[in-house]
Structure formats: C-alpha cells, structure tokens
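Trainee:
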Amino acid sequence: MGIKQTLLTFMKEPAYRPMDIQDLATIFDINRDEYKAFKRAIKTMEKEGLIVRTAHDRFGLPERMGLVAGKIQVHQRGFGFVIPDEEGLKDVFIPSSSMNGAMNGDKVVAKILKEDDKGKKCEGEIVQITERVNKKIIGVYEDSRNFGFVVPEDKRVQFDIFIPKNDRNNAQTGDLVQVEIVKWPDQRRNPEGAVIEVLGKKGDKGLDILTIIKKYGLPEEFPDKVIEYAENIEEEIPAEEYKRRRDLRNVRMVTIDGEDAKDLDDAVNIERLPGGNYRLGVHIADVTHYVREKNPLDKEALKRATSVYLIDRVIPMLPKKLSNGICSLNPKVDRLALSCIMTIDKSGTVVDHEIVESVIKTSERMTYKDVSAILKDGNEDLIKRYDYLYDDFKAMEELCLILNKRRSKRGAIDFDFEESKIILDELGKPIEIRPYEREIANRIIEEFMLVCNETVAEYMYWTKTPFVYRIHEEPDQEKLERFKNFIYNLGYTVRWSQDIHPSNLQEVLEMIKGKNEETVVSTLLLRSMMQARYAPECVGHFGLAAKYYCHFTSPIRRYPDLQIHRIIKEHLHGKIDEKRSERLVKIVDTASKQSSDMERLAQDAEREVDDLKKAEYMSYRIGQEFVGVISSVTNFGMFVELPNTIEGLVRIADLDDDYYVYDEDHLMLIGERTKKIYRLGDSISVRCSRVDIDNREVYFDVIPAESEIEMDLPVPDVKGMLNDLDDEDEDGEIFEEFEEGYWEGEEKSHDTQNLIKI
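Numbering (the working numbering), first residue to last: 61 to 818.
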C-alpha cells in the first residue's frame, strides 16, 4: 500500500480528528531524512483534493468536514458548479456571490451550505482554491491614461484583468493579446496581469482559431530538442529488424482513410478460409520502435497525449517526420508494424489470434469515398482500377456486417449521430457545412478496429500485466430514471430492472429509429451515460457491451495506444518481471489520467472551433429561411437543428404570437391562449435573425405557417380611421408607430391583416 492510501485509510478511521503535519509525522514515526518526502506527499494529496487543510493548518478528509473537493465550472452569467473529484457525489451549485475569486477550471474546495432538496442541487461556497489553472488568458486590450485592462474572450472568466502601464508590452487599444496572471483575484480585487504577446487585431486571418488554441493551452510548436531528436532518426529500417520480425510484405493489404488524412496508422487485409471462416489482419504502425520510453519524443507525446484536429489544421502528438513520414503506413513502402491476426468464424467470434511484430508494405492508399463507391455504387471505373482488390473489399463488407450483427445481438449501443464536415476557403472563411457521411467503408474500418481492440484487451487481461484499458462505466441511475420518464412522456414505454444492460438502451434506439425525435432521444440518452475514459482497471465498456476493451489501433495520434504497444512488445519478449511490473503500475496510472484529461481538453477545443465556424457561416445568412427540427426545449426557449447540423436558439421572449409555458416533464412549450405546442422532434420553419460570433451563438425566429396568421380577435376598421385623419396628420404619431413597431424589412405592406402579430 502506498503512502497516499495509508494516510487516507488512517484518516477514514472514526476516531481520527484533523491533525497538523507534525502530529501526522509523529504518528507515522517519520524521521528527519524522511520528513521532506512526507511533507511533499501531503502537499500533493492536498493539491489533488484528496485531503483538505483547515484554517489552523490541520488536515482531514473533505467529506468528513462538510466539504467537497473538485473542479469549478463557471457559467458566463457568473454562477458555477463544483464537479466533485470523488465519483458518486453530486455537483454543488455555487452562486456568483460565493465564488470568492475562483476562476473557471480551478481546483477548489467548497463548503456545503444547503443540502440537496426536492431535486434542487445542493448549494455551497468556495472556501479554498487548491490549484489555479488560468495562468494565461486571451482577451482584448483597452488602454487608459494610467493603466490598461484586458477583457477576456472566454466569457466564463468573470474578471477584467488589470494591466500596469509598464506591463502592456506595446499593446494598443483593440489588440487581441495573451496575458499572464501575476496576482489572483479575491472578493475585492480583479486579477493583475502582464501582456506577454500581442496576437493582432480581431478579424485577422487565422486569428480566431489561434485564439482558441492559446485559450486551451494547446502546444503550437515542438520544442527544438524534440525536433532535433526526430530529425536524427534513421529513415531506413535496420537489417536486424527484417530478420527478427514476421515478413508480411507479400500480403495484400490496404489503408482506408479520409481523403485528407496524412497520419495513416492502420492497414487491413482479409482472407476467406475453407469452411467459411475469415482471417483478418489489422496492422498498426509500430511507433514505439522510434518513440522509446522516456526519450524526448515520448515525454512530449505524454504531455500532449493526443493529436488535436481543428478543421484546417492538426496539432499532432508526434512531429511530422514520424506522424506523416516514417510511422505513417504510406503505400508501397516498407514499414514496421504490430500486427493482430485474427481467425473469425461465421458468427463473428474470434476463434484464434496472434499478435506479432512485423514488416509490411501496403498495396494501396484507399479512401472511404472510393471504397464506398465500389461497394455501394458499383463504380465501374474504380472496380476496374482496383480489380485485384475487388474480392477483398467484398469479403470485408461481408465480415463487417457479421461483426456488426454480433455486436448488436449482445446489446452494443450504436449512436448514429451526424457529424459535420466544415469546408473553409483559403482565407479561413466557412463556405460549406454538411453532415459527414458514414458510409460502408467507414463502418468496415470501425468494426475491424473494434474487434481488434477487444481481442488485444482480452489477451492482455489474462496475462495479468499492468495495462491501459478503455472503460465505460454503467450509467447513473438517477439520470437514467429521468430519461425513462422523458421517453414515457413521449409515448414510449420501456421496462428494465435496476441492473441495466446495454441491450435495454439499444431497444430504445431501435424504437425511435427514423422518427422525428430520434436525434433528440439519442442525445438525451448519451447525456444520461458516463463518459468513456482510460484506466488501469478493466471494468468493461458499457456502450459496446464489451467485457474487455482498449485502444490499440492509433499510436500515431493517441498516447494510450502507444503505451500499450510498448507493454505488449515487452510481454511478447518476456521482459516483464516483478520489478518491471511494479514500475508499469505507476506508468499506466499516469498515462491513463493524463490521456483522459487531454482527450477532454482536445474535444472541448475541437467543439469550440466547430461552433465558431458554424456561427461565422450563419453570420453571412442572416435573414435567410430554413427548415429544421426542434432538438432541445428549455425554460428560456428551444434549439432548432438544421439539416447541415447547425443549431440555433429561438428565445421564448421572441415567440410573440402568444405567452408560452414550459412543460418540463414533456419538454415542450405550450401557448396559453392558442394551445399551440412546440415539442422535441417537431419540424419547424425558422429565419436566422442574429449571430453572436464571440459567444458562438446563432439565433432564429419562427416563421409562422400561412394558416397561423388568421385572426381570432375582432379587428378594428383601421382603414376607416386612417381615412378620417386630416392630410396633415398622415405623418403623425399613428403612422410612425406602424413604421417603427410593425413594419419589418424593406417590403412594407398596407394589408392590415399583416400589421398585427397574434
């Protein structure tokens, strides 16, 4: 048992009362030589939120002191929620008046002031900030005579940052800058900072995405030491590697990726066997041959943990010489690989497998588009061009359908969300946004990677070797119950017990398939589930209904894959003894946590860039009309999703034909007088009315149907009244009232039926 666990166990004893560090050192008989390391361990535990320090420098467990340790998520309106570090605890609502200087993302300790009551979240106050994360902030500089200040671009940062005159670094009013915080905020004082970089003027080409890169602290360049190390790697495969590896260069195999992909890390081959079985080979780039443990490449890869894809640019985990060069499985060149070769029967069961280090040479660099055109459309030109691979593609399609059927039969949940493809012009302006097509070729690679990942995870699990698994825990029961009530109110009855199985949720997705509410129900179901993450423990993957799962297939762009390749190779060569196993426990723990954290960060950055470009795209289409589907209903309005995946808000305040009441149980808005209903999944016509690019928000107005303009109120004889007016009053107050309050747009109608909106 490690020192952290020993201290935690001791503090959980009923008789324990908060002690200072000297008392704890005495209890554990810590001598002078050990004291420094002991103190460091206590500080680390405090930083991680495992223990908290009282005002009198005594230490105890937060949960036994009415405290919750976690990360604060701040809303742009000033309030926030503490997301507890300890699993199973509920989020704590923090009013803006109780933030006490905490900033979005900080590690904090909150004191509970009001317990959870009748469905309302428990409420608290920030009493301690254990770790600051907003060390650098992007914002717009504003100058004044004696000082300057920066208004943060991230609206969740609630403070303007004070800049002393000497620290403005030649920034001018209106410049987009990066500042470093030198003094943190408190209840009475804004943070103080120094301008460390002037990025340019807002609106400059490429600055919008660069701002997001800097906001999330994503690395822009590799350190010189890493680049130098990569450049010194020999591109030629050493002769001894050919000798000791399985030579698969004569095996017909292909890569299948997107048209613009450059980091090709997986190749596949297939063979029909006598008796109806298939032999499937999944060959993954052997990145660990070049990225050895603790070399500069490995340290930088762990720090980044993932490649980040931001529409028109990639922030790679590894330098281009590796990611696009010697590690990428480019066609018709020798490459080092780690191959998982599986024998799969007609039911989709892997009946045999082997994992080997290999040398491969891919036959073709195929794209999803071309393979789908061959299989789905029967494109004769492509079939002729790749005639020697045609039968392989047909066999791949057969096996893909078999594997998918098997996964579906065991209850795997298949969310079929439409992702978006955003096309930019040379100036970075979005010119087209459309759903990303998930064709048969995409599904082939998905199924082959899934079965490979499961096979590898199960094999390594039984070796009892420390390993990095990809896990997905069971859904939160309370969230599931709310979801169950929601679909019941939509008219769907489901019956499942306390022990939920993925197949129960799969049945729901089958019931709503093809219905208007399909996307909505799928989204709410996804939100009811836990987030998948990396972990040293193999607890299974709920969504895939898989007992064993890992990420093995993308070591060029994901650190967990790279780390487990290293472990697999050591195991294959019998190099994991007891001492190495002990070291691996710490290594996989660090890799799991860092990779999970960086995956979330990358997802947030990727999502924000997409939202930014979607908002920019709609900013050129203000006034245009669209047909969409109501994707979410709230007490402040409803979100409408267009066929191109862009989502916009119709505010309840803008529904001016009636007063609308929010029905939370059925997630709908109901007109008080007209009884008109806006519900999830309904098709609706909207007009883009406004776009807030800074906040990535799109706003719509509802376009009423022709029949909805009919009056059910007596209409006064306005024309008669107008005729009674003297000519001199024609430009008077009544006319101005119509002009300002009712006539919209350039086309003005004198038809009184269109002057009043009911």
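We put the beta carbon where it would ideally sit given N, CA and C, even for glycine. These numbers come from a predicted model, not from an experiment.
1. If you check the beta carbons only, do M377 and R395 fall under 8 angstroms apart?
2. Which of helix, strand or coil does DSSP assign to Q238?
3. Among residues of its own chain, excluding the 5 on either side of S588, which ones have a beta-carbon nearer than 8 angstroms to its beta-carbon?
4. Let me know the alpha helix (DSSP H) ranges lying completely inside the segment 257 to 339, each 4 residues or longer, listed in chain order.
5. Ends of the alpha helix (DSSP H) at D358?
6. Going by beta carbon distance, what residues of the same chain come within less than 6 angstroms of A299, once the five residues before and after it are set aside?
7. By the DSSP assignment, the alpha helix (DSSP H) with H631 in it spans what residues?
8. Would you kindly check if the distance between the Cβ of H601 and the Cβ of R503 is under 8 angstroms?
9. Tell me the DSSP bridge mates of Q133?
10. Who are the near neighbours of Y350 in its chain, counting only those whose CB is closer than 8 angstroms to its CB and skipping five residues on each side?
11. Quick one: what's got a C-beta closer than 8 angstroms to P490's C-beta in the same chain, skipping five residues either side?
12. Are there 16 or more other CB atoms within 10 angstroms of the CB of T69, so buried, or fewer, so exposed?
13. Among S691, T114, Q663 and I223, which one has its Cα closest to the Cα of S367?
14. Under a three-way DSSP split, which group does I636 fall into?
15. For V758, verify whether its CB is less than 7 angstroms away from any heavy atom of the ligand ZN.
16. What does a CB cutoff of less than 6 angstroms around D725 pick up in its chain, not counting 5 residues either side in sequence?
17. Does the segment 275 to 290 come close enough to the segment 217 to 233 that 3 or more CB-CB pairs lie under 8 angstroms?
18. Would you grab the beta carbon distance between E123 and R113 for me? Rounded to a whole angstrom, and I think it's under 8 angstroms.
19. If you reduce the DSSP assignment to three classes, tell me which class Y529 lands in.
20. If you measure between the beta carbons of S432 and A501, is that distance less than 8 angstroms?
21. Taking L333 as the reference, which of D412, P279, F207 and L324 has the closest Cα?
22. Please report the residue range of the alpha helix (DSSP H) in which V431 lies.
23. Which stretch, first to last residue, makes up the alpha helix (DSSP H) that contains L84?
24. Suppose you measure from the CA of V580 to the CA of P245; what does that come to, to the nearest Å?
25. Would DSSP call I63 helix, strand or coil?
26. CB-CB under 6 angstroms to L459, same chain, minus the five flanking residues each way: which ones, in chain order?
27. Step through the CB atoms of chain C and report whether any lies within less than 8 angstroms of the CB of V314.
28. Any idea which residues DSSP pairs Q188 with across the strands?
29. Can you name, in chain order, every residue of its own chain whose Cβ lies under 7 angstroms from the Cβ of A763, other than the five neighbours on each side?
30. Of all the options A321, E630 and R467, which has the alpha carbon lying nearest to the alpha carbon of K429?
31. Distance, Cα to Cα, V687 vs L715?
32. So Y448 packs on I434, CB below 8 angstroms; how close in whole Å?
33. Go ahead and pull the three-state DSSP assignment for Y95.
34. Taking only the alpha-carbon atoms, compute the straight-line gap between F119 and I627 and give it to the nearest angstrom.
35. Is there contact between the segment 200 to 210 and the segment 163 to 176, where contact requires at least three CB pairs shorter than 8 angstroms?
36. Within the continuous alpha helix (DSSP H) that includes L370, where are the two ends?
Mentor: Reading it off the structure:
1. For M377 and R395, no; Cβs fall outside 8 angstroms.
2. strand
3. P535, D536, K539, L540, R542 and F543
4. Whole alpha helix (DSSP H) segments, 4+ residues: 267 to 275, 284 to 291 and 299 to 304.
5. P356 to R364
6. none
7. Counting along the chain, the alpha helix (DSSP H) containing H631 begins and ends at Y619 to L632.
8. no
9. DSSP output for Q133 lists F141 as bridge partner(s).
10. I293, L357, L382, I386 and C387
11. So the list reads I482, I483, L484, K673, K674, E676 and Y677, once near-sequence residues are dropped.
12. Residue environment for T69: exposed (fewer than 16 other C-beta atoms within 10 angstroms of its C-beta).
13. Among S691, T114, Q663 and I223, the Cα nearest to that of S367 belongs to Q663.
14. coil
15. Absence of the ligand ZN is noted for the structure shown, with no ligands found whatsoever.
16. N549
17. no
18. With 8 angstroms as the limit, E123 and R113 do not qualify as a contact, their Cβ atoms being about 15 angstroms apart.
19. Y529 falls in the strand class under three-state DSSP.
20. Yes.
21. D412
22. Y428 to L435
23. I81 to I87
24. 41 angstroms
25. helix
26. Y338
27. As a matter of chain content, chain C is missing from the structure shown, which is built from one protein chain.
28. The beta-bridge partner set that DSSP reports for Q188 consists of V169.
29. For the sequence presented, residue 763 should be read as Ile rather than Ala. Same-chain partners within the cutoff: E685, S745, V746 and R747.
30. A321
31. One C-alpha to the other measures close to 17 angstroms.
32. Their Cβ separation, rounded to whole angstroms, is 13 angstroms, which puts Y448 and I434 out of contact at 8 angstroms.
33. helix
34. 38 angstroms
35. no
36. No alpha helix (DSSP H) contains L370, which is instead part of the beta strand (DSSP E) from V368 to L370.
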